[in-house]
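Protein chains in written order, with my numbering: chain A, 19 to 367; chain U, 19 to 367. Written out below as structure tokens is the structure these notes cover.
Number of protein chains: 2
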Amino acid sequence: MRNCYREGVNEHSPPGGPATMADVAEAAGVAVSTVSRALRGRPGVSSAQREQILRVADELSYSVSASASRLAGGRTGAVGVLVPRIDGWFHSTAVAGLQERLHEHGLDLVLYRLQGREERTGFFTRRAFRHRVDALVVVGTTLTPDEEELLAEAGLPVVGISTRPSGRPFADVDDRAGAAGATRHLTNLGHERIAILRSTTLLGTHGAVSHDRYAGFCGAMAERGLDVPEAYVVSAPWGLEGGAQAMAELLSAATPPTAVFAESDEVAIGALRTLRRSNVEVGRTMSVIGFDDHQLAELLDLSTVAQPVHEQGRTGGDLVVEALEHGRVAEPERVLPTRLVVRGTSAGH
Amino acid sequence: MRNCYREGVNEHSPPGGPATMADVAEAAGVAVSTVSRALRGRPGVSSAQREQILRVADELSYSVSASASRLAGGRTGAVGVLVPRIDGWFHSTAVAGLQERLHEHGLDLVLYRLQGREERTGFFTRRAFRHRVDALVVVGTTLTPDEEELLAEAGLPVVGISTRPSGRPFADVDDRAGAAGATRHLTNLGHERIAILRSTTLLGTHGAVSHDRYAGFCGAMAERGLDVPEAYVVSAPWGLEGGAQAMAELLSAATPPTAVFAESDEVAIGALRTLRRSNVEVGRTMSVIGFDDHQLAELLDLSTVAQPVHEQGRTGGDLVVEALEHGRVAEPERVLPTRLVVRGTSAGH
DNA sequence: CCTCGTTTCGCAAACGTTTGCGTCTTGGAA
DNA sequence: TTCCAAGACGCAAACGTTTGCGAAACGAGG
Chain A
19 MRNCYREGVN
29 EHSPPGGPAT
39 MADVAEAAGV
49 AVSTVSRALR
59 GRPGVSSAQR
69 EQILRVADEL
79 SYSVSASASR
89 LAGGRTGAVG
99 VLVPRIDGWF
109 HSTAVAGLQE
119 RLHEHGLDLV
129 LYRLQGREER
139 TGFFTRRAFR
149 HRVDALVVVG
159 TTLTPDEEEL
169 LAEAGLPVVG
179 ISTRPSGRPF
189 ADVDDRAGAA
199 GATRHLTNLG
209 HERIAILRST
219 TLLGTHGAVS
229 HDRYAGFCGA
239 MAERGLDVPE
249 AYVVSAPWGL
259 EGGAQAMAEL
269 LSAATPPTAV
279 FAESDEVAIG
289 ALRTLRRSNV
299 EVGRTMSVIG
309 FDDHQLAELL
319 DLSTVAQPVH
329 EQGRTGGDLV
339 VEALEHGRVA
349 EPERVLPTRL
359 VVRGTSAGH
Chain U
19 MRNCYREGVN
29 EHSPPGGPAT
39 MADVAEAAGV
49 AVSTVSRALR
59 GRPGVSSAQR
69 EQILRVADEL
79 SYSVSASASR
89 LAGGRTGAVG
99 VLVPRIDGWF
109 HSTAVAGLQE
119 RLHEHGLDLV
129 LYRLQGREER
139 TGFFTRRAFR
149 HRVDALVVVG
159 TTLTPDEEEL
169 LAEAGLPVVG
179 ISTRPSGRPF
189 ADVDDRAGAA
199 GATRHLTNLG
209 HERIAILRST
219 TLLGTHGAVS
229 HDRYAGFCGA
239 MAERGLDVPE
249 AYVVSAPWGL
259 EGGAQAMAEL
269 LSAATPPTAV
279 FAESDEVAIG
289 ALRTLRRSNV
299 EVGRTMSVIG
309 FDDHQLAELL
319 DLSTVAQPVH
329 EQGRTGGDLV
339 VEALEHGRVA
349 EPERVLPTRL
359 VVRGTSAGH
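Pasting the structure below:
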């Protein structure tokens, strides 16, 4: 039994199926166990043998079967990525950065997109990903305590990008400080009637990011002793249309603000559209500042708070790789800097 | 041996590791083989048993181990997606549509991003994906004959989205017809001096899409007996900056054109920026039309040829699912319609 | 030259599933 | 009642790795 399959199938394997570890072993004149040890860098193999085995494996363009490896107690060599959506600038950019790092370390990327609430609970209770990935990266969505607990039971490394799962490593920016900076920029320009365009997630709630940016805004306003009337706090669904509508609402206030801080550039751009259509002079009658430094911000001359999205992805990749290779990460909380970018839509009052 | 592991590990599995097929079998009072047959809908199981097994499996929130399944000759339950990049509007949108369909059929998505030429050859010669996915979807990049051959040797289904691998199913639009439509739109408005902004891939070459759109343009011009001087054909790298620079080049021509067809909206938008900065009145002195109906096109009032990106992704998903379930697809060539969207940047001359 | 310790390597069990084949059950026809 | 066919189910091998354990090889010290 142990040898028969080698002749039955793999004798004809050069043209047919891919090479197995047994093929490599035979070609190198050693046992499969030695090949396995050589390939995964385990001790117990002389460097001469190791080198020769690696060479042979390369010649046969051999790659280990992830399925077999995983089944035998090894790794799958893949990490799962959880995103609420994959189209959309932020998530796709972060995933790109993440993929870059993963690829450098020979890790594949399995994409899990979770939209609806029931889709999420199904994902976390069933936990089919256990069979497919070695670690999980959560990108730009906040996990509920229930979800975090279910994840913990799965027993694999988890890291957050632009989100901070409790007790887990993460790569993020300081949303609160960034928002405060944007707000101070407006107050420094002399604005006193400043509104905020808050944005909600697909589920209609305010995510952690929204909370932090709101907190930063309120803090900076309080610093200057400025009031934030209820009418100046408008919520709208994330995106262009939401921003457009929210801005329209603000314009219909008894005393419109002179400046607006939008929690995201996409919302800010929607607001700009409304302002243009209403013939409100942006940068004169109304200042606007966003958050993210979306690709369009520059094109539309939108002032904003830049955050390094691609780099957050890469850093998240660093964290998983480290967790996977060393079991734990040295510096698990990576807070990347934001940067105020002043353009034409924000000006003095 | 057959039973010992059940006591050793799985006795404690409720809190610990996930349920195995043996657990389900025991709970249902049948053999694992019966569970397997029931779960994958194979004949040889009475409907009563099948139903009960499914119920028990659900109660234990059991999910088959993809690794073990694959190893034993089954499927991995995942499909690989090849993209040249994942950030960027087109690819992320197509992937979103694809993921939607895959998820409906319980298939996971493994993302392979290939940028450099050597990265591509490595991917195709090594073919590690064979161990991880049941099928491959190529999105928005043309495969070389070599790559196609290597793929064929791997022996798994391949489908294209916005690309047409020879002999494989695909979902695409008619780029040539779309481009011809856009061009005719300009000639119908009375334009005679029409330039084209061609775009190159990351590798500096013209992809198949670029070729088709160029051919459509030339065809429509020829129909009207219009000449396309060499100076009116400008190539630039895909994206905003490329378009901006290409437009600047056109403006410095001896006799600038009165209209421009850009092979993509991103390039067109770059061109618009240059025009605005040069105080050229868009829609009066210079008409511009793009291709794709990028999210920004509407915002910037850009005329364009809309293509259903998300739907191409979904259709691609339909194709893989069909190939996987029935071995072959009935209608392998799905050409989706484009639609001319006339906005403010194109006007009579 | 013999013994002991270290390093290098091979043997074989185990991982969780799929599937061909054999056995048993069941129901109907003779 | 007996026999047969068909359907339902169990047995066990196989998939390609990983890894604990034991055997062999090797060098050095006594």
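For glycine and all other residues, C-beta sits at the position ideal for the given N, C-alpha and C. None of these values were measured; they are calculated from a predicted model.
Within-8 Å CB hit, residue i to chain A
| i | result |
| --- | --- |
| U/P36 | yes |
| U/S54 | no |
| U/A84 | yes |
| U/L320 | no |
| U/W256 | no |
| U/H30 | Because the pLDDT at U/H30 is just 34, under 50, the model does not fix this residue reliably, and the point stays unresolved. |
| U/R24 | Low confidence applies here, because U/R24 scores a pLDDT of 31, under 50, leaving its location unreliable and the question unanswered by this model. |
| U/V300 | no |
| U/A272 | no |
| U/L89 | yes |
| U/S296 | no |
| U/A266 | no |
| U/A45 | no |
Per DSSP, cross-strand counterpart(s) of residue i
| i | result |
| --- | --- |
| U/R131 | U/V101 |
| A/A96 | A/D126 |
| U/G225 | According to DSSP, U/G225 bridges with nothing at all. |
| A/I71 | The partner list for A/I71 (beta bridge, DSSP) is empty, contrary to what the question assumes. |
| U/I212 | U/A277 |
From the options, residue whose alpha carbon lies closest to that of residue i
| i | options | result |
| --- | --- | --- |
| A/A348 | A/V359, A/R186, A/E329 and A/H109 | A/R186 |
| A/L269 | A/E340, A/A153, A/A96 and A/R294 | A/R294 |
| U/E166 | U/G234, U/G260, U/H149 and U/F141 | U/F141 |
| A/T181 | A/V155, A/A200 and A/L169 | A/V155 |
| U/I46 | U/A198, U/L290, U/E77 and U/E267 | In the sequence under discussion, the amino acid at residue 46 of chain U is Ala, which differs from the Ile named in the question. When each option's Cα is compared against that of U/A46, the closest is U/E77. |
| U/L207 | U/A43, U/A277 and U/H312 | U/A277 |
| A/S282 | A/S321, A/P275 and A/T303 | A/S321 |
| A/P275 | A/D311, A/M39, A/I71 and A/T205 | A/T205 |
| U/E284 | U/L258, U/E136 and U/L168 | U/L258 |
| A/H149 | A/R93, A/R242, A/T159 and A/P247 | A/R93 |
| A/V97 | A/A75, A/V128, A/T223 and A/A146 | A/V128 |
| U/W256 | U/A240, U/S87 and U/P102 | U/P102 |
| U/V176 | U/R346, U/M265 and U/G366 | U/R346 |
| U/T303 | U/E340, U/T273 and U/C236 | U/T273 |
| A/L337 | A/E351, A/Q325, A/A365 and A/V227 | A/E351 |
| A/T159 | A/G178, A/G243 and A/P355 | A/G178 |
| U/A198 | U/G261, U/A262 and U/A240 | U/A240 |
| A/R144 | A/A43, A/E171, A/D193 and A/G260 | A/E171 |
| U/T292 | U/G334, U/H367, U/A262 and U/L220 | U/A262 |
Residue i at chain U interface by Cβ criterion, 8 Å
| i | result |
| --- | --- |
| A/I212 | no |
| A/D126 | yes |
| A/L317 | yes |
| A/L169 | no |
| A/I104 | yes |
| A/T139 | no |
| A/V27 | Residue placement at A/V27 cannot be trusted, given a pLDDT of 34 that sits under 50; what the coordinates show is reported in the next sentence. A/V27 does not count as touching chain U. |
| A/T303 | no |
Boundaries (first-last residue) of the alpha helix (DSSP H) holding residue i
| i | result |
| --- | --- |
| U/D193 | D193 to N206 |
| A/L317 | Q313 to L317 |
| A/G335 | V327 to H344 |
| A/T292 | D283 to R295 |
| A/L174 | Per DSSP, A/L174 belongs to no alpha helix (DSSP H) and is neither H nor E. |
Residue range of the beta strand (DSSP E) that includes residue i
| i | result |
| --- | --- |
| A/S253 | V251 to P255 |
| A/L244 | It is not in any beta strand (DSSP E) - A/L244 carries neither H nor E in the DSSP assignment. |
| A/A271 | A/A271 -> no beta strand (DSSP E), and no H or E assigned at all. |
| U/E351 | E351 to L354 |
| A/L358 | R357 to V359 |
| U/V82 | From DSSP, U/V82 is part of no beta strand (DSSP E); its letter is neither H nor E. |
| U/S404 | Chain U is shown from 19 up to 367; residue 404 of chain U falls before or after that span and cannot be answered. |
| U/S305 | S305 to I307 |
Please confirm if the segment 101-114 of chain A is in contact with the segment 102-117 of chain U, defined as three or more CB-CB distances below 8 Å between the two stretches. yes
Hey, is the segment 112-127 of chain U in contact with the segment 76-83 of chain U, meaning 3+ C-beta pairs nearer than 8 Å? no
Report yes or no: do the segment 343-362 of chain A and the segment 213-220 of chain A share at least 3 C-beta pairs separated by less than 8 Å? no
Are there three or more Cβ pairs, one per stretch, closer than 8 Å when the segment 156-173 of chain U is compared with the segment 39-50 of chain A? Output reads no: the segment 39-50 of chain A does not touch the segment 156-173 of chain U.
Are the segment 310-324 of chain A and the segment 285-292 of chain A touching by the rule of at least three beta carbon pairs closer than 8 Å? yes
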